[in-house]
């Protein structure tokens, strides 16, 4: 583990039925949570998992319909529990799945409720099946007063083999190494 004080890793993830190589697969632990765990093994940080006050279903079709409606409505789904005090951190790592080629609307709730992480160094990562879409650039748009660093996209089906990509991202973004 590396010494990177004042870092908060915030992520939203969903277990249950997911798209997988053209079919479906049930995940006990969501892909984003798995990548968050890999990052946490490499960087000293506090961790906060975003959960919905109205939990998402384990069934893919239900989540797909709900998330599409949230997107159409520009909804801000409520987050369960109290958010961490982001003011005490210099660096915020933000992880999310990609739904409908965008960030889930619950991430917009997080950004709204934390003033777009103004003044922070923000390090996004996403997991996806069909493509990362505009999700990484959405973080910069949602956080205009933050310094948003290069993001890490990880294909969901490749999470088991993402360790080297995570290592490279951590080396560049947190240690200033060039690859």
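Numbering (the working numbering), first residue to last: 375 to 553.
Think of the CB as a built atom: it goes at the ideal place given N, C-alpha and C, for glycine as much as any other residue.
Candidates 405, 380 and 481: which alpha carbon is nearest residue 527's?
405
Where DSSP assigns a beta bridge to residue 426, which residues make up the other side?
453
So for residue 537, helix, strand or coil by DSSP?
Under the three-state reduction of DSSP output, residue 537 falls in the helix class.
Please state whether DSSP places residue 417 in a helix, a strand or coil.
strand
Could you pull out every residue in the same chain whose Cβ sits closer than 6 Å to the Cβ of residue 388, ignoring the five residues on either side in sequence?
404 and 430
Using 8 Å for Cβ pairs, my map puts residue 550 next to residue 519. What's the rounded Cβ distance?
That belief does not hold up - the Cβ atoms of residue 550 and residue 519 are roughly 23 Å apart, past 8 Å.
With 8 Å set as the bound, which would you pick, yes or no: does the beta-carbon of residue 412 sit closer than that to a beta-carbon of chain C?
Reference to chain C is not applicable here, since this structure consists of a single protein chain.
What are the uninterrupted segments assigned as alpha helix (DSSP H) that are 4 or more residues long and contained completely in the region 432–514, given in chain order?
434–446 and 479–487, all fully within the region 432–514.
So for residue 388, helix, strand or coil by DSSP?
coil
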